[in-house]
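If you're matching them up, the sequences are chains V and Y in order.
Residue numbering for the first sequence follows my numbering, beginning at 35 and increasing consecutively.
Residue numbering for the second sequence follows my numbering, beginning at 35 and increasing consecutively.
Quick reminder that beta carbons are idealized off the backbone N, C-alpha and C, glycines included.
Number of protein chains: 2
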Amino acid sequence: MARPPAVELRRRNRAAMLEQLHRHGPQTRAELTEALGLNRSTIATIASDLAESGHLQETTGRSTGSAGRPSTLVECVPKALAVAAIEIRADRVRFALIGLGGEVLERAEAALEAGAAAPEVAAAAAGLVGPSGAEAVAAVPGLVDAGTVAHSTELGWTDRDVAADLAAATGREWRVVDTATAAAVGEWSRGDAHEATKLLYLHGGRGLTAGLVVEGRAQRGGSIQLGHIVVEPNGRECACGLRGCLEAEMEAFGYAEDIEDATVAAGMGDAAARDALRRSGEDLGRALGAVVTATGPDEILFGGWLRELYLSAAAPVRSALAGTTLPHLRSRLRLRTPVLGDEGALTGAAETGFAALIDQMR
Amino acid sequence: MARPPAVELRRRNRAAMLEQLHRHGPQTRAELTEALGLNRSTIATIASDLAESGHLQETTGRSTGSAGRPSTLVECVPKALAVAAIEIRADRVRFALIGLGGEVLERAEAALEAGAAAPEVAAAAAGLVGPSGAEAVAAVPGLVDAGTVAHSTELGWTDRDVAADLAAATGREWRVVDTATAAAVGEWSRGDAHEATKLLYLHGGRGLTAGLVVEGRAQRGGSIQLGHIVVEPNGRECACGLRGCLEAEMEAFGYAEDIEDATVAAGMGDAAARDALRRSGEDLGRALGAVVTATGPDEILFGGWLRELYLSAAAPVRSALAGTTLPHLRSRLRLRTPVLGDEGALTGAAETGFAALIDQMR
Numbered sequence: 035m036a037r038p039p040a041v042e043l044r045r046r047n048r049a050a051m052l053e054q055l056h057r058h059g060p061q062t063r064a065e066l067t068e069a070l071g072l073n074r075s076t077i078a079t080i081a082s083d084l085a086e087s088g089h090l091q092e093t094t095g096r097s098t099g100s101a102g103r104p105s106t107l108v109e110c111v112p113k114a115l116a117v118a119a120i121e122i123r124a125d126r127v128r129f130a131l132i133g134l135g136g137e138v139l140e141r142a143e144a145a146l147e148a149g150a151a152a153p154e155v156a157a158a159a160a161g162l163v164g165p166s167g168a169e170a171v172a173a174v175p176g177l178v179d180a181g182t183v184a185h186s187t188e189l190g191w192t193d194r195d196v197a198a199d200l201a202a203a204t205g206r207e208w209r210v211v212d213t214a215t216a217a218a219v220g221e222w223s224r225g226d227a228h229e230a231t232k233l234l235y236l237h238g239g240r241g242l243t244a245g246l247v248v249e250g251r252a253q254r255g256g257s258i259q260l261g262h263i264v265v266e267p268n269g270r271e272c273a274c275g276l277r278g279c280l281e282a283e284m285e286a287f288g289y290a291e292d293i294e295d296a297t298v299a300a301g302m303g304d305a306a307a308r309d310a311l312r313r314s315g316e317d318l319g320r321a322l323g324a325v326v327t328a329t330g331p332d333e334i335l336f337g338g339w340l341r342e343l344y345l346s347a348a349a350p351v352r353s354a355l356a357g358t359t360l361p362h363l364r365s366r367l368r369l370r371t372p373v374l375g376d377e378g379a380l381t382g383a384a385e386t387g388f389a390a391l392i393d394q395m396r
Numbered sequence: 035m036a037r038p039p040a041v042e043l044r045r046r047n048r049a050a051m052l053e054q055l056h057r058h059g060p061q062t063r064a065e066l067t068e069a070l071g072l073n074r075s076t077i078a079t080i081a082s083d084l085a086e087s088g089h090l091q092e093t094t095g096r097s098t099g100s101a102g103r104p105s106t107l108v109e110c111v112p113k114a115l116a117v118a119a120i121e122i123r124a125d126r127v128r129f130a131l132i133g134l135g136g137e138v139l140e141r142a143e144a145a146l147e148a149g150a151a152a153p154e155v156a157a158a159a160a161g162l163v164g165p166s167g168a169e170a171v172a173a174v175p176g177l178v179d180a181g182t183v184a185h186s187t188e189l190g191w192t193d194r195d196v197a198a199d200l201a202a203a204t205g206r207e208w209r210v211v212d213t214a215t216a217a218a219v220g221e222w223s224r225g226d227a228h229e230a231t232k233l234l235y236l237h238g239g240r241g242l243t244a245g246l247v248v249e250g251r252a253q254r255g256g257s258i259q260l261g262h263i264v265v266e267p268n269g270r271e272c273a274c275g276l277r278g279c280l281e282a283e284m285e286a287f288g289y290a291e292d293i294e295d296a297t298v299a300a301g302m303g304d305a306a307a308r309d310a311l312r313r314s315g316e317d318l319g320r321a322l323g324a325v326v327t328a329t330g331p332d333e334i335l336f337g338g339w340l341r342e343l344y345l346s347a348a349a350p351v352r353s354a355l356a357g358t359t360l361p362h363l364r365s366r367l368r369l370r371t372p373v374l375g376d377e378g379a380l381t382g383a384a385e386t387g388f389a390a391l392i393d394q395m396r
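Have a look at this one:
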C-alpha cells in the first residue's frame, strides 16, 4: 500500500506539536525540534500553521542565561480549544472549563440533595456547563463502561446510562469515565506519575474503586470495583449480597470519614485504632494482590481516604501484597500517594477530552 | 483543524474493505456496500484500487438463487499479504504461514529438548520460518509484556527478551504475545466469540494463564498469571514462593495430563475423583471471581485442559464464581469452551499480525 502522503504527515506533526505544548508548556523552537525529532524548517512550518489556525502564539519569554537575549517561546492559546469537565460526587457536582495547555478558564459547583437521582444530577450539571468546550467529559465514582454506570456504591446507581442523562439535560454529547480512572489520567498527565506505563489509582470514597490507565489512557475494562474483591472466603456479609468483600471486611471502611482521627489516635498509642489500621492495611494489601496479578501495574497510587490509610499502614499493606503477588510483578511496582489531591479527577476528565481532540487531529 | 483530505479517506476505505474481506470471506460488491456503509461507486473505486495492488480478485462464484445468475465475488488474494506465526510449547515449536483471508499457506513444526533455553528455541524457530510474511508473531505461554516473557511456568523462563532472541536467530522483527491472549484473539477472529467485547481466555497447560482481549485486540496488561491468584490465605506453598496460589491449591493441577482419566473416573462414580474435580472447580471459580472483578469480561473461554475441568465441574465453577463476583458483572458474563482447539493460539498470533498490517494501511 502507499505510504502516508505529505498532507497526512503534516496533520500528524501538527497534532504532535500541539500535544507536546499542551502537556509540557511553553517551549522554544529549538526545544520543540529536539522533543519532536523533526528538522527546524518543519518545526517552523508547523508552528506557523498552528499560529494561523489560532492554536499557538509566539511570545518573548524567559532569558536563556545571564548574558543571553530573551528567547522566543511557542505556547498554546488556552481559549483556542477547551474541554468542559465535571466531577459528580454524592453531595455535589463540580465543573471546570479547561483550556489548551491546562489552564482553568472557568470553575463552578452545585450542591446535590442526598441520594439525588441521575436526571437531577444531570440537571444540576446543565446549570453549570454552558456550550463552551469542544469536548465534554464527566467523572463518576463507580464501575463505568461505555457511558453507563454499571454500579456505584457512592451514588447508589445501577446500570444507569449517565451519558444519555447528561446529553438530554445539556443538549450535547458526553464521555463518561469513572472517578478513579479520571484521577489516574490526571496524575499521569499533570501530576507526578508520567513514568508509569500501567498506573493503578485507588479511590477511597463512600465505595472503594480503582482505575487502570495504560500510558495515560483510560482502558475498556480499566474501571474496577476494588471494594468487591473477596478477601475472606465465607467472610462478613456485604451490602452487595456477597460475603467477604474488601468493603465488608475492612474495619477502616466503617469510619472512612474519621480516618484522620483514627490515624491521630493510632499515632498517640491507641492500641485499638492501631490494630484496626493494621488489619485494614492487610485486607487492602491482599485485595491488591489479586488486582495486581490480574492487571500487572507498575505503579499504584492511594487516593481519597486510602491515602491516609496507606500513610499509617504502609507496612501491613506492603507485607500482605508481597504475600499475594509474584516477585516479578512486585519488583517493578511502586506504591505512592497522588499529588493533585482533590483536583485529580477533574483534571483527568479534561485530559481525557484533550486526548480525544488531539487524536482526531492526527 | 482541517478535515481528513480525500486521499486519507481513500486509504481508510481501502483498509476497511481489506479487513472486511479478510475477516468475513468472499462477498459481492452489494454485500460490501452494505457492510461498509459506502456508496456503490466508492466500493467500485476501492475494489479496483485493491485489485490493481494485487490484494483482491473478483471471481464468478456461488449462485444467489435457483434462477439467479452466478454473482461476482470479491475475495482476498491469500499470497498478497501473509503473516508468519509460531507457537512455542514446552516440547515443540509450531509454525504456520497464514495468508490474507486466513488460508494456511505453509505449516511445519520442530520438536524441542525438555527444558530448552530461549536461544535454542529461537534457533529451532529459525529453522522453520523463512523470510515470508510481512509480519512475524510468536505465541509464548506465560506472562508477556512488550516482547519479554516476565514469567513462564511452562517454559521455566523469567524476564527473557524473546523478541530479541527470535530477532537474533531469524534476522527479522517479531511481535510476542502470550498463548492465552493469542488464543483469545483467534477465537474472537475465527472462532465463535466475536460477539464478546471483553473476552477472557483461560489456558490450562503446565501453568495456568489467561489473556484478556478487548474487541479482539490484545491489551497491555491483558496477560495474566491465573495460576498465581491467591485463593487460600495461608494455604499450601507454591513453587513460586507464595502460599495459597491457585496452582498450589487446585488438586486437578497435579494430574493435568490425566484430566481425561479423572473425568472418566468421576463419570463412572469414583468418589475421590469426583470430589477432587469439585474442589478444583471451586478453587478455579474463586480465582476467576477476583479476575472478573478486576477486569470485567463479558465472556470466559476455558481452554487447554481447563476445558475438560470445566466440562466436568461447571456447577462448582459457576457457584464459586457467583459467590465472589458482583451480580451486575456476573449477569452479562457467558462461560463457554473454545472451538478452535489446538489451533487457537497459532490462528490468533497470525490475526495479531494482520491487525497490525491493516492498521498500518489506515
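Could you spell out where the alpha helix (DSSP H) holding Ala299(V) opens and where it closes? That run of the alpha helix (DSSP H) goes Ile293 to Gly301.
Whose C-beta lies closer than 8 angstroms to the C-beta of Glu398(Y) among residues of the same chain, with five residues either side of it excluded? Any answer about residue 398(Y) is impossible in this case: the structure gives chain Y only from 35 up to 396.
For chain Y, is any of its Cβ atoms less than 7 angstroms away from the one on His185(V)? True, the Cβ-Cβ gap to chain Y drops below 7 angstroms.
Count the other CB atoms within 10 Å of the CB of Leu318(Y); is the residue buried (16 or more) or exposed (fewer)? Answer is buried; the Cβ neighbour count reaches 16.
Please determine, among Arg123(V), Ala124(V) and Asp83(V), the residue with the shortest C-alpha to C-alpha distance to Val108(V). Nearest in C-alpha terms to Val108(V), of all of Arg123(V), Ala124(V) and Asp83(V), is Asp83(V).
Give me whichever residues DSSP pairs with Gln61(V) in a beta bridge. Answer by DSSP bridge pairing, in chain order: Val108(V).
Below 8 angstroms on the Cβ atoms is my contact criterion, and I expect Ile263(V) with Leu343(V) to pass it. Report the Cβ-Cβ distance as a whole number of Å. 16 angstroms between Cβ atoms; not a contact.
Alpha carbon to alpha carbon, what distance is there between Arg312(Y) and Ala198(Y)? Their Cα atoms are separated by approximately 43 angstroms.
Give me, in chain order, the residues of the same chain whose beta-carbon lies closer than 8 angstroms to that of Gly278(Y); leave out the 5 immediate sequence neighbours on both sides. Excluding its 5 nearest sequence neighbours in each direction, Gly278(Y) has C-beta neighbours in its own chain below 8 angstroms: Val264, Val265, Glu266, Pro267, Asn268, Gly269, Arg270 and Cys272, listed in chain order.
Please list, in chain order, the chain V residues whose beta carbon lies closer than 9 angstroms to that of Ile263(Y). What Ile263(Y) touches in chain V, judged by beta-carbon distance under 9 angstroms, is Gly323, Ala324, Thr327, Ala328 and Thr358, going in chain order.
Here's a check: name, in chain order, each residue in its chain whose Cβ is nearer than 7 angstroms to the Cβ of Arg396(Y), leaving out the five neighbours to either side. Cβ neighbours of Arg396(Y) beyond the five flanking positions: Arg45, Arg46 and Ala49.
Compute the Euclidean distance between the alpha carbons of Thr359(V) and Thr213(Y), then round it to the nearest angstrom. A straight line joining the alpha-carbon of Thr359(V) with that of Thr213(Y) spans about 21 angstroms.
For the stretch 338 to 395 of chain Y, list the alpha helix (DSSP H) runs that are entirely contained and at least 4 residues long, ordered along the chain. Entirely contained in the stretch 338 to 395 of chain Y, the alpha helix (DSSP H) runs reaching 4 residues are, in chain order, 340 to 346, 348 to 356, 361 to 365 and 378 to 395.
Whole angstroms is fine: what's the gap from Gly323(Y)'s alpha carbon to Pro175(Y)'s? Each residue's CA atom was taken as its position, placing Gly323(Y) and Pro175(Y) some 22 angstroms apart.
Taking the DSSP output, what are the residues bridged to Gly133(Y)? DSSP, once it has assigned bridges, lists Ala116(Y) as partnering Gly133(Y).
Classification of Ala36(V) by the beta-carbon crowding that lies within 10 angstroms, buried from 16 upward: Low per-residue confidence applies at Ala36(V): pLDDT is 48, beneath 50, and the placement is therefore not dependable enough to give any value.
What first and last residue would you give for the alpha helix (DSSP H) that runs through Val219(Y)? Segment Thr213 to Arg224, the alpha helix (DSSP H) holding Val219(Y).
Stretch pair the stretch 345 to 359 of chain Y + the stretch 189 to 205 of chain Y: three plus CB contacts closer than 8 angstroms: No: the two stretches stay apart, fewer than three of their Cβ pairs being nearer than 8 angstroms.
Nearest to Ala201(Y) (by Cα), restricted to the options Ser346(Y), Pro165(Y) and Thr329(Y): When only C-alpha atoms are compared, the closest one is Pro165(Y).
Please identify, using Cβ separations under 9 angstroms, the residues of the stretch 245 to 258 of chain V that lie next to chain Y, in order along the chain. So the close ones are Leu246, Val248, Glu249, Gln253, Arg254, Gly255, Gly256, Ser257 and Ile258.
Tell me whether Asp125(Y) sits in a helix, a strand or coil according to DSSP, three-state version. Three-state result, Asp125(Y): coil.
Where do the ends of the alpha helix (DSSP H) carrying Gly161(Y) lie? Here the alpha helix (DSSP H) through Gly161(Y) covers Ala152 to Leu162.
Quick one: does His362(Y) have its CB under 7 angstroms from some CB of chain V? So, interface residue.
With three or more C-beta pairs closer than 8 angstroms as the rule, is the stretch 56 to 68 of chain Y touching the stretch 224 to 240 of chain V? Two segments are said to touch when three or more pairs of C-beta atoms, one from each, lie closer than 8 angstroms; by this definition the stretch 224 to 240 of chain V does not touch the stretch 56 to 68 of chain Y.
With a CB to CB cut of under 6 angstroms and the five nearest residues on each side skipped, what residues in its chain are close to Gln394(Y)? Excluding sequence neighbours, Gln394(Y) sits near nothing in its chain.
Run through the DSSP bridge pairs and tell me what Gln91(V) is partnered with. The partner list for Gln91(V) (beta bridge, DSSP) reads Glu109(V).
Beta-carbon within less than 8 angstroms of Arg368(V)'s beta-carbon, same chain only, minus the 5 sequence neighbours each way: which residues are those? In the same chain as Arg368(V), and ignoring 5 residues on each side of it, the C-beta atoms closer than 8 angstroms to its own belong to Ala230, Asp332, Glu333 and Ile334, in chain order.
Whole-angstrom C-beta distance between Ala172(Y) and Ala383(Y), which should lie under 8 angstroms: Contact annotation, Ala383(Y) with Ala172(Y): C-beta distance approximately 7 angstroms; criterion of less than 8 angstroms satisfied.
Using 7 angstroms as the threshold, is the C-beta distance between Ala130(Y) and Leu374(Y) below it? No, these two residues do not count as a Cβ contact at 7 angstroms.
Cut-off 8 angstroms between Cβ atoms - residues of its own chain near Val138(Y), not counting five sequence neighbours on either side: Around Val138(Y): Ala130, Leu131 and Ile132.
Starting from the beta carbon of Thr192(V), find every residue of chain Y whose beta carbon is closer than 7 angstroms, and list them in chain order. Those are His362, listed as they occur along chain Y.
When we look at the beta-carbon of Ser257(Y) and count the other beta-carbons within 10 Å, is it buried (16 or more) or exposed? Answer is buried; the Cβ neighbour count reaches 16.
Other residues of its chain near Ala168(Y): CB distance less than 8 angstroms, five sequence neighbours each side excluded: Answer for Ala168(Y): Leu115, Ala116, Val117, Gly387 and Leu391, listed in chain order.
Express the C-alpha separation of Leu233(Y) and Val326(V) in angstroms, rounding to a whole number. Going from the Cα of Val326(V) to the Cα of Leu233(Y) covers about 19 angstroms.
Hey, is Lys232(Y)'s beta-carbon within less than 7 angstroms of any beta-carbon in chain V? Judged by the 7 angstroms Cβ criterion, Lys232(Y) is in contact with chain V.
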